[in-house]
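If you read the protein sequences in the order shown, they are chains A and B. Mapped onto the working numbering, the consecutive letters of the first sequence carry residue numbers 2 to 115. Mapped onto the working numbering, the consecutive letters of the second sequence carry residue numbers 2 to 113. Everything below concerns the one structure shown next.
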Amino acid sequence: AQSVTQPDIHITVSEGASLELRCNYSYGATPYLFWYVQSPGQGLQLLLKYFSGDTLVQGIKGFEAEFKRSQSSFNLRKPSVHWSDAAEYFCAVGARNSNYQLIWGAGTKLIIKP
Amino acid sequence: EAGVTQFPSHSVIEKGQTVTLRCDPISGHDNLYWYRRVMGKEIKFLLHFVKESKQDESGMPNNRFLAERTGGTYSTLKVQPAELEDSGVYFCASSQNNYGYTFGSGTRLTVV
Chain A
2 AQSVTQPDIH ITVSEGASLE LRCNYSYGAT PYLFWYVQSP GQGLQLLLKY
52 FSGDTLVQGI KGFEAEFKRS QSSFNLRKPS VHWSDAAEYF CAVGARNSNY
102 QLIWGAGTKL IIKP
Chain B
2 EAGVTQFPSH SVIEKGQTVT LRCDPISGHD NLYWYRRVMG KEIKFLLHFV
52 KESKQDESGM PNNRFLAERT GGTYSTLKVQ PAELEDSGVY FCASSQNNYG
102 YTFGSGTRLT VV
């Protein structure tokens with residue numbers, strides 16, 4: 002069965018420090034992979050996605066993610082976080098059916114220390 | 002372009018009562034999805050409309066949940082009667098025929 006694991010429920014980093022959020026997936030083929038962010042009071046916003054091609058994907062707000070097939074991972078990174086990055090981050094995989102349904106991880110809450 | 006609108010943003014109801022959540026998708030988006038996040042858990046698929054038809058409702062928890070999409074426009078999700086375990090955040094999203102979702106801000110439902 003398809004599944005997504007985000008092993009870190011909370012992560013705290015200092016403003017200006019680098020960030021890596023982990024995501025592992027279980028899938029029988031090359032997946033479609035996504036990272037979304039939910040800021041307080043906001044809807045889910047797409048940060049970036051991987052469908053094929055270059056395994057290093059650039060997204061909005063200075064985020065990037067790298068697809069590593071051998072590790073079944075799609076970790077999200079940012080070289081220097083800002084206080085406005087405090088939010089909850091969700092990794093998702095696209096179910097390979099006709100519905101474009103997403104299968105989600107449990108989310109990682111990012112806390113920024115001043 | 003208006004986004005996906007959900008209301009109410011919050012709802013607190015007593016166990017056994019009925020609640021109706023509404024989602025207005027982006028105009029022209031044939032696909033409409035409902036997802037739910039129970040506290041601290043992963044977001045889970047509930048169902049998918051294509052226009053006014055239910056394409057997939059395999060994620061609906063039980064027959065206390067009823068979803069409709071009138072004329073292929075807005076959608077409602079009714080919970081009747083509500084139980085404590087129905088508490089969570091209900092997300093609606095719309096898209097054209099791809100993964101280009103636009104999400105609403107969600108409805109936080111609390112059943113007490």
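C-beta atoms are modelled at their ideal positions from N, C-alpha and C, and glycine is treated no differently. These numbers were taken from a predicted model, which means no experiment stands behind them.
| Helix, strand or coil for I12/A per DSSP? | It is a strand residue.
| request: Could you name the residues that DSSP lists as bridge partners for F35/A? | output: K50/A, A93/A
| task | Could you please give the first and the last residue of the uninterrupted beta strand (DSSP E) stretch that includes C93/B? | result | 89-96
| said: Under 8 Å, Cβ to Cβ, is there at least one residue of chain E near I44/B? | reply: No chain E is present in this structure, whose protein chains are A and B.
| Minimum C-alpha distance to Y33/A - residue among G108/A, K114/A, V94/A | V94/A
| query | If you pair each beta-carbon of the region 9-17 of chain A with each one of the region 100-115 of chain A, do three or more pairs fall below 8 Å? | reply | yes
| field | For I44/B, the residue or residues it bridges with in DSSP | value | R38/B
| request: Could you check which residue in A96/A, A66/A, A88/A has the C-alpha nearest to that of G44/A? | output: A88/A
| request: Quick one: using the 10 Å Cβ neighbour count with 16 as the cut-off for buried, is G29/A buried or exposed? | output: exposed
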